[in-house]
Every structure is written in C-alpha cells, then in structure tokens.
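*Asks:* 84 is the number of the first residue of the sequence shown in the numbering used here; add one for each residue after it.
Beta carbons are placed, not taken as given, at the ideal position from N, Cα and C, and that holds for glycine.
So that we are looking at the same thing, I have put the structure below in structure tokens.
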Amino acid sequence: MSRRRRPGTGRTPFALRPALRLGRRLAFAKAGRAALIIALIGIPTAGFAAVAVVVQSTQATVTERLDYDLGQASAQMRVSGPDVPGMRQDPVEWQYTDTKRNSPASKADEDTPFTNVLAHVPDGALAIPVGSTPVVLQGPRGPVGLSADEGSVWDPSLEGHWHVLDGAVPTTRSELMVTPATLERLGAHIGDTVDLTDPVTKRFTIAGTMIDLGRDPASQGVLLPWGTTLSTTDTTDDAGLADVTVYLPSDAPTWSEIQQLNAHGIVVQSRPVVLDPPDAGLSGGQVTSSLGWYLGAMALFGAFAMFEVALLAGAAFLVGTRADTRSYAIVTSVGGDKRIVRTIVAGSGLVLGLVGAVLGVAVGTGLGVAVFRLIDNGNVVSFPGMHVPPLMLLSITAAGVLAGLVSALVAARSATRINVLAALRGSLRPVPVSRPARRRRRIWGPTLVVAGAVMTLVCGVGVLMLNDRPVQEDRWAFVVGAGVAIGPCLMQLGIAICSPWLLALVTRLTARAGLSARLAARDARRNPLRTVPVLASVMSVVFVASVVITWNASSHTQLVRGYEYSTALGVATTEVQTETEQGGATGHHDAALTAHAAEVVSGVLDQDRVRVLGVPQEVPGETPSTITVPHRWTPYDCPVNDTTSCSYYLDTSAVSSPHIWAGTVDDYAVLTGHRPSAAVREALEGGKAVSLWPEYAHDGAVRIDTFHDRTWESQAITERTRPAASVSIPAVLDVQSPRVKVGVFMTKATAEQYGVPVVDGMLVTTLPHDIQPAQWDELSSAWQSYGGDDRARWSGPQFTYEAGPVDNGALIRAIVLALAAAVTIGATAVAIGLARSDGRRDDEVLDAIGAAPRLRRGVSTWQAAILASVGAVIGTLLGLLPIRALTLRFTTPVSGTNHLPFAPDWTTLALLAIGLPVVVTAGAWLTSRGRRRVAVRRAH
C-alpha cells in the first residue's frame, strides 16, 4: 500500500521543462542584451575555430605524406649507411635509423665502403633513379648557378611529387625541363635552347615547365634526363651514389625484404608497409610534431578566453537579471522555488551560449577555410590540404556553451536572493551584501594578495635554485614554476574581492573632479556586480600582456649582454679555408685561392671594394699542423659570458674566429667602424701591433705563441701551456666599445718582420644591409661559374654580416599591446553599455531635473577612465612580479649559467598602464555623443 505525501509537506515538484522554456523566452526578451552575450561568446569561438581549421590543414595525414614522398609510385630506396650489416630503419619514419650494438655497422669508419643502390633494385622491377647536382646554365646576363634534379621526374608514376605545368615532357636526352621562375630568369620560352656549361658542356632544348610540389612555386631549378652529369650509371660500380633515390613505380618491397636491404645500408619507404606497419618501430623514430604544442596552446588560451568571456558575459547576465527582477518575483510569488529561478537563468545562459558557440564555430570555420585558401601557395609540404577537424570544432562548441552556462550561474544565484515584495512594487535596488559576507571579504581579500605575493617570490627563488643544480633529473623546477604562475592569479583574485574598497577609494579621490566624475565613481561603487567583472577582465588581460612584454624585453637584454660583435656594424666577412674531399675545413689558408675568391666576389658585391686580410692558422685539423695564437695573460675561468673579460672569444681553443689579423690602416678602420686614433695610426705605420683586448697586452707588447703538431684532439691551450716558439711585438692598446672579435691587428709588413705566419685568408667588405637571397644566388652562381678547379678546394663564400643584436621581440610586444588594447576597449565598451542599460532610470532623473546631454557623456567617459585605469595599472604592476621572482639572485652564478636579468620595457609598460586608459577614455568620449533625451513619463 502506497503512502501519500501529506499536503504542505516536502519540496515542490521540479518543473524542468517549463523552467527551461521560460529561460529561453527571457534570453531573447531583450534583443540588445542577447546580441551582446552572443557576440561575447561567438567572437572568441570564431577565432579558435578559424585557428583550428588553419593549423589542422597544415598537418599532413599519412596518405598525404605518401602522396608527396612517392607520388604514384609504390616505394623509394636510397643509401643511408655503409654496406655492412647492423643498420635498421623505422618502418614508418623510414629515414630514421639505428645501429645494433656490437654489429659491423657500429664499428664502421669513414673507409667502410658504401653500396650502389642501383645494384639492389628488385629483379625485373621498373626503377627511376633521381639525383641532385649543382649546374651552371648560360643566362642572358651571364652564368646562372642552379640546383638540378636529374632523372625522369616527369614520369606519370611520380605525379604528386613533381607536376608538369606546361609544354611536353622530354623524349630525348637533349631536352630538359625548368621551373617557371627559372624560365623567367633565363629570359627564355618553351622551345628555346639553353647551354649547360658546368659540370658538362651541352646544349638543351627547353621542353616545358614543371615544379616540385614540395617547394615554393617561385623556387628555381632545372630537371635533366638521367645520366646528364651523374656518371655512375653502371650497377657494377661499388662506389655508388649516396645522393641518388630510386623510385619503384610498381614493386613495393615487403618488411622482410626491407630488412635485407638494411643489411646493405639501404633504407626503403614502401607504401604498404607505411600504411600497415609492423610492430618494429624504433624508439624515438616518431617525428616530433608541433601538434602537441598547438593543442596545449589552444587549451591555455582557450581557458583564458573562457575566463574573460565568463567575466563580461556574467556582468551582462547580472544586469539582465536585475532588469528581469519583477519576472522572477512573479515566478516566486506563484510558488516557484529557488531551483526553478536558478534553472530559468541558467537556461538563458545555456541557450545564448549554444547560439553564440554554434554561430561562432560556423563563422570561424568559414573564415579558416578562406584564410587557408588565401595563404596556400601550392607547397604540399607546408599546406597539404584542407582539413576541418570535427572533434576540435565540437570541443570548441562545447567550451562556448559551457562559457555561457558558467556566465549565468552567478546571475542565477543573485536572482534567488531578491526581495519579492519590493520587486513586485518595481524596485530594482540591488540586494545589500550581508554582514558575514563583508567580514569574509575583509579576511580573504588581503589574505589572497599576501599569499600570492609570497608564493610568487618563494617559488621564483626555488626555480633558480633548482636550475642551478649540475644534474637535472626531475621535474621539480616545473612544479615550483607553477607556483610562479599561480601566485599572481591568487593576487588578482584577492584584488577582485577587494575591488569594492578600491572603487570606494576612487570615489573619494574624484570628490573634487566634477559632477560627471563623482556620478561615475559612485555608480561604479554602488553596482559592483557589473563593474567588478569588467575591472577583473581588464586587469587579467593587462597582467598577461605585462608578463609577456617584460619577459620579452628581459630576454632581449640577456641577448644584448651576451652578444659578441664580430666586427663593426655593416661589415661582412668570410674566411677562405681549404676543404677536404668531404667538405670539412682543414684550417689552412691559400693566398692564391683567396685572391681568386676575392675576384669572383667583387663581381657581385660591388657596393664597396672587397678587402683581403691576412690571418694565421689558429684552428688545427685532423692532421698535425702548426697553429699561431696570441698569448692570453689572464686565466679564463668565467661562469658566464659577459662580452668583456669573460668573453667566449678569449677561449682560444673553443673559438674558430681569427684572433690575429693583418692588413692596412684603412682595413683596421673598416673592422672597427671608425677612424683610428693618431696613436693607433702611428703604431701601425711604425711597425707596432694594436691589441684590441687588454687580456692580450702586457708591458706595452703582445706575445704571439706558436704550437707544433696540433690536431683537433690535442689538449686545450691555456695561459700556462708552453709554446714551441714565441715572439713579442710592441703594441698599443685600443679597446673597442662594444668589443669586436679582432684580438691583435698588425700590418703584413710587421707580421713578416716578426715572423708571424699570416696568409691571405679573410675577405672583408661593407654592405648597406644583410645579403639578400638574390645576392646569395648570384654569389653561388658566380663561384660555380668562375671558380674552376678551386671549387674542389673551397665550397664558396659564406659571408657573416654584422647587424648587431636585432630586437626580434619588438613586433611581439607591439602585437601584445594591440591585443590588450582591443580586449580593454571591448571590456570598457561592455561596461558602458551595461551601465547605460542598467541606469536608464538615472538618466530619466537627470533629464527630469534638466541636466544637459553632455553630463551623460561625461559620466560614460569617466566610467571608462576609472575601470580602464584601475585595471591597467594593477595588471601592469602584477605582471612585473613573476619576472622579478625569476630574476632574483642571492649567490654567485654557477659556471655555465646565464640567468635572465630583470629589464622591463618601461616605455611599452607605460603605454600599457597609462596610454591604454587614455586611449580608452578618448574613445569613450568620442563614441558617447550627446543623444536624444530619453522619454520620461509624467503625470498630468
């Protein structure tokens, strides 16, 4: 027998559907308020959706990677190691290899032979060998050096890696293909002839144009028939070709066949193996992807965006709840309990959040597609294809809906605390804060501020102490570092709790600032439910901007403090050293080679004459040789690099830059960037040397030490190492500021007089700017064209241009400042709009007593100024704290460490803390024009 609940007892049945239906109706009852909340949720949602589409479209799938790597072919193979057993490859990342322990491959040396990949093509299989080589074509203005792909890359089986654009494919060995950019550079047309002058001499007909789909469309290149320059076409040649890839159009080796080829040093990418890989992957074989960093950044910025949206949309819901107080009072008066009222408000947030999220994702997806189409340049490696990530977009939509729901929860709680009788009479006065709540605020606000400050400073010192350990075997530094980030957040929360008192202080400060300022300050103090969220929003975004700006500026200061100038600004230098057959430097200089290089370079870099300076051999090679270095009179035992007495340049054994230079007085002026003093000029002309570093000068002279039988395996040279021979040269001291990497300078005659073995080996010139890509191309072409036999001895000029420590972070700081300004302007605009919507009765009163429209304009302007100024100043100051905590030093730095200095960009921070509120205030004054007087109902 069932027991019935007696009337009047228990809880009222919860009518969920009617409550949600009423919430949906109230959500759109005020079109302006609904549009504001939808925009607050939809705009960031659209931005995240667009970023998700663009980023995901730059991540190639396995199929897309295979379509570029293989085209339509089934496999490709190439030599990766010596022809001995022991090497193994990853089945998916096929170029990642490992060597079995104690195998012949692990014991191989440079004399171990390599196989010829052509000799291991499966029997009966069709093979397309492709190699690359530098070539020189005769252009309209002279020789043009280019990189050539040699092989039948126009074969249909390689479509997808290479693509024919125009013309026909070569059918004879006297035809070639070029890229469109090369055709334009040569000033030729399809069907014209072009002369190949190096490494062989032959005339070709341009059959058509084609491109490598993995390169930029503007890239230059030539595509030649196989065997044009690469002489190894016989599979019996054991020397092989290390830079030749063999494509197999129809035959795909199995995993067991690939393992057999690995034993000969050959790696294979097979389409079936990659699509269905065996369980034989190598540890570390997976390519590091930026997708993880992207997801982490999206989650971090997404959480911050949700926080900002919840603050601003929450303020809008609070104002809307106050406007709808009478409706909630009616619901309560007819028997609706607090659950129903909360559900109605939460339902409004859910509906508006859903609409804003869906619209934002839809708009953001379309925007992302449009942006991808705009930036896609045809490079399938950088832009493999359009990918719309449904799971990511669904997550963004859910986050937007959650932001709307969370924004409404505080307003839902406020709606249940109304005075029903007063609301039914039409009163909109906010419910006063209870005495216990005020007492809790007085305790928690200051407590959180103090606790956050202490946590930040203590954890910052802890991070530095943990980083100073010689061995980093745990992640405690990251755990303590989290405290540096959490501390300021606690401080912001405490300040937000104390915001009513801050606004009360502002009210006192503006007591004599005029009627508009007093009204604005009192309105902000009396309505904390809509002003505190806006204040917290401005403070948080300015805090993040302050942290980024200070960190960026401090990092640049650290770069400047540790930057070593090679020469004066605007000087380009390159060292001419003979090279081994494998391309390694020998450390030797050759005067004839240097003179030849200077002649070739002068034809390209003609802004200033190319100077030839002498230098001795200071870097040993593999074979025993004699080196000559200046004697350093002070020990080098420095914890950090400070560009002066502890400069890395003073560590002779670890720096390859020349320390002894020989040239003329004018050469010295170019290297130092100024006219030499009379003492320096007199010393050089009088047969003395000049020491640009005091560490090399002693008793008015420099000592040049010579060491015999030195190799790269020899022990490092110190101030105590005994030389085989030494010579002292009278010298004067001329320390530069900043110092440059020129230790001792003398004329060639002085070097010859004292037996210093300098040889012409440095090319020096001045340039108005760094060498541009077109000039690099011209330099490469000139050396390939006119280098002759010396190309085998030297690979070509690689100039180093001294531009100083470039501040690459200036753009970042400007972007951060602009983003902070945008969010602050948006937040204050929301605050002004809510104030005008919430203060309509105040406007009616002002109109009734005859107040001029400019008074309302002044009130709006002062409201923006108060909220923006307080939030910007506090956020900027709080942003300094984490960086200050991470730069505290109480002990001597450990050797090898170079800690971040505390060097804020005060100019940018001033713009953030002062200039930003000024801009916001000016914008509020311009947009809050005197409008038509509000309609006031008067009784007659």
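Please list, in chain order, all residues of the same chain as R148 whose beta carbon is under 6 Å from its beta carbon, the five residues on each side excluded.
*Replies:* Start at 1 with the first residue of the sequence shown, and residue 148 comes out as number 65. None.
*Asks:* Which residue wins for smallest C-alpha separation from A1005, given the options I957, L961, V942?
*Replies:* Your numbering for residue 1005 matches position 922 in the sequence shown. Here the closest residue by C-alpha is V942.
*Asks:* Is there contact between the stretch 701-710 and the stretch 752-763, where contact requires at least three CB pairs shorter than 8 Å?
*Replies:* At 8 Å Cβ cutoff, the stretches do not touch.
*Asks:* So, using beta-carbon positions, are R613 and T590 closer together than 9 Å?
*Replies:* In the sequence shown, counting from the first residue as 1, residue 613 sits at position 530. In the sequence shown, counting from the first residue as 1, residue 590 sits at position 507. No, the Cβ-Cβ distance between R613 and T590 is not below 9 Å.
*Asks:* On the DSSP letters alone, give me the boundaries of the alpha helix (DSSP H) that W1008 sits inside.
*Replies:* Counted from its first residue, the sequence shown places residue 1008 at position 925. W1008 -> alpha helix (DSSP H) spans 999-1010.
*Asks:* Since I124 contacts A396 with CB under 8 Å, what's their CB separation in whole angstroms?
*Replies:* Along the sequence shown, read from residue 1 onward, the residue named residue 124 stands at position 41. Along the sequence shown, read from residue 1 onward, the residue named residue 396 stands at position 313. Right, the Cβ-Cβ distance comes to about 6 Å (below 8 Å), so this counts as a contact.
*Asks:* For N185, does the count of other Cβ atoms within 10 angstroms reach 16, so buried, or fall short, so exposed?
*Replies:* Stepping through the sequence shown from its first residue, residue 185 is reached at position 102. By the 10 Å Cβ count, N185 comes out exposed.
*Asks:* Would you tell me roughly how many angstroms separate the C-alpha atoms of P187 and T711, rounded to the nearest one?
*Replies:* Position 104 of the sequence shown holds residue 187. Position 628 of the sequence shown holds residue 711. Rounded to whole angstroms, P187 to T711 spans 40 Å at the Cα level.
*Asks:* Which residues in the same chain have their Cβ closer than 7 Å to the Cβ of A996, if we skip the five residues on either side of it in sequence?
*Replies:* Start at 1 with the first residue of the sequence shown, and residue 996 comes out as number 913. If we look at A996 and ignore the five residues flanking it on each side, its Cβ neighbours are A955, V956, T959.
*Asks:* Under the three-state reduction of DSSP, which class applies to A534: helix, strand or coil?
*Replies:* Your numbering for residue 534 matches position 451 in the sequence shown. A534 falls in the helix class under three-state DSSP.
*Asks:* Alpha carbon to alpha carbon, how far is P813 from G566?
*Replies:* Here residue 813 refers to the residue found at position 730 of the sequence shown. Here residue 566 refers to the residue found at position 483 of the sequence shown. Approximately 59 Å, taken between the alpha carbons.
*Asks:* Do you know offhand how far F287's Cα is from I294's?
*Replies:* Sequence index remark: in the sequence shown, residue 287 carries index 204 (1-based). Sequence index remark: in the sequence shown, residue 294 carries index 211 (1-based). About 18 Å.
*Asks:* Drop a sphere of 10 angstroms on the beta-carbon of T717, count the other beta-carbons inside from all chains shown, and report buried for 16 or more, exposed for fewer.
*Replies:* Along the sequence shown, one-based indexing puts residue 717 at 634. With fewer than 16 Cβ atoms within 10 Å of its Cβ, T717 is classed as exposed.
*Asks:* Could you tell me the distance, in whole angstroms, from the CA atom of G543 to the CA atom of M574?
*Replies:* Translated into positions along the sequence shown, residue 543 becomes position 460. Translated into positions along the sequence shown, residue 574 becomes position 491. If I take the Cα positions, the gap works out to 15 Å.
*Asks:* How close, in whole Å, do the beta carbons of D691 and T848 come, if the pair is a contact with beta carbons under 8 Å?
*Replies:* Numbered from its first residue, the sequence shown carries residue 691 at position 608. Numbered from its first residue, the sequence shown carries residue 848 at position 765. Right, the Cβ-Cβ distance comes to about 5 Å (below 8 Å), so this counts as a contact.
*Asks:* Would a C-beta distance cut-off of 9 Å place V351 and L220 closer than the cut-off?
*Replies:* By 1-based counting over the sequence shown, the position of residue 351 is 268. By 1-based counting over the sequence shown, the position of residue 220 is 137. No.
*Asks:* Apply the 10 Å Cβ neighbour rule to D782 and answer buried if 16 or more other Cβ atoms are within range, or exposed otherwise.
*Replies:* Here the question's residue 782 lines up with position 699 in the sequence shown. Burial call: exposed.
*Asks:* Which word fits V1026, buried or exposed, when buried means at least 16 other C-beta atoms lie within 10 angstroms of its C-beta?
*Replies:* What is shown of the chain runs 84 to 1023, which leaves residue 1026 out entirely.
*Asks:* Could you spell out the range, first to last residue, of the beta strand (DSSP E) harbouring A114?
*Replies:* Residue numbering aside, residue 114 sits at position 31 when the sequence shown is read from its first letter. Unbroken run through A114 is the alpha helix (DSSP H), 114-139; no beta strand (DSSP E).
*Asks:* So is V283 buried or exposed if we call it buried at 16+ other beta carbons inside 10 Å?
*Replies:* Indexing the sequence shown from 1 puts residue 283 at position 200. Exposed, by the Cβ-count rule.
*Asks:* Out of R108, S1011, T970, which has the shortest C-alpha to C-alpha gap to V546?
*Replies:* One-based indexing of the sequence shown puts residue 546 at position 463. The residue with the shortest Cα to Cα distance from V546 is T970.
*Asks:* With DSSP as the reference, please indicate the residues paired to V818 in a beta bridge.
*Replies:* The sequence position of residue 818 within the sequence shown is 735, counting from 1. Answer is none; V818 lacks a bridge partner.
*Asks:* In terms of DSSP beta bridges, what is S708 paired with?
*Replies:* Residue mapping note: residue 708 aligns to position 625 of the sequence shown, counting from 1. In the DSSP output, where bridge partners are listed per residue, S708 has R793.
*Asks:* Between the Cα of I787 and the Cα atoms of V753, P851, V698, W795, which residue gives the shortest distance?
*Replies:* Taking the sequence shown and counting its residues from 1, one reaches residue 787 at position 704. Out of V753, P851, V698, W795, V698 has the C-alpha closest to the C-alpha of I787.
*Asks:* Taking the alpha carbon of E802 as the reference point, which residue from V763, G879, T747, P713 has its own alpha carbon closest?
*Replies:* Stepping through the sequence shown from its first residue, residue 802 is reached at position 719. Of the listed residues, the one whose Cα sits closest to E802 is P713.
*Asks:* Taking I479 as the reference, give the member of L103, V773, G998, V134 with the closest Cα.
*Replies:* Locating residue 479 in the sequence shown gives position 396, where the first residue counts as 1. Nearest of L103, V773, G998, V134 to I479, Cα basis: V134.
*Asks:* Here's a check: name, in chain order, each residue in its chain whose Cβ is nearer than 7 Å to the Cβ of P212, leaving out the five neighbours to either side.
*Replies:* What you label residue 212 is simply residue 129 of the sequence shown in a count that begins at 1. So the qualifying residues of the chain are L201, G234, W309, V327, V329.
*Asks:* Do the CB positions of M1029 and P703 come within less than 9 Å of each other?
*Replies:* The structure shown does not extend to residue 1029, since the chain spans only 84 to 1023, so no value can be given for it.
*Asks:* Check whether the Cβ of V392 lies closer than 8 Å to any heavy atom of the ligand ADP, and answer yes or no.
*Replies:* Ligands displayed in this structure: none; no statement on the ligand ADP is therefore possible.
*Asks:* Can you say whether Q159 is buried or exposed, counting buried as having 16 or more other CB atoms within 10 angstroms of its CB?
*Replies:* Residue numbering aside, residue 159 sits at position 76 when the sequence shown is read from its first letter. Its Cβ being crowded by 16 or more others within 10 Å, Q159 is buried.
*Asks:* Within the same chain, show all residues whose beta-carbon is closer than 8 Å to that of Y377, passing over the 5 residues directly before and after it, in chain order.
*Replies:* Position 294 of the sequence shown holds residue 377. Answer for Y377: V138, listed in chain order.
*Asks:* Can you tell me which of the three DSSP states I787 falls into?
*Replies:* Locating residue 787 in the sequence shown gives position 704, where the first residue counts as 1. In this structure, I787 counts as strand in the three-state DSSP scheme.
*Asks:* Taking only the alpha-carbon atoms, compute the straight-line gap between A495 and L476 and give it to the nearest angstrom.
*Replies:* Numbered from its first residue, the sequence shown carries residue 495 at position 412. Numbered from its first residue, the sequence shown carries residue 476 at position 393. Rounded to whole angstroms, A495 to L476 spans 28 Å at the Cα level.
*Asks:* Cβ of G222 within 9 Å of Cβ of L279?
*Replies:* Taking the sequence shown and counting its residues from 1, one reaches residue 222 at position 139. Taking the sequence shown and counting its residues from 1, one reaches residue 279 at position 196. Not in contact: G222 and L279 (Cβ atoms no closer than 9 Å).
*Asks:* Please confirm whether G838 has its beta-carbon closer than 9 Å to some beta-carbon of chain B.
*Replies:* This model lacks chain B altogether, as it is built from one protein chain only.
*Asks:* Return the CA-CA distance between A191 and G348, expressed in angstroms with no decimal places.
*Replies:* What you label residue 191 is simply residue 108 of the sequence shown in a count that begins at 1. What you label residue 348 is simply residue 265 of the sequence shown in a count that begins at 1. Those two C-alpha atoms are separated by around 11 Å.
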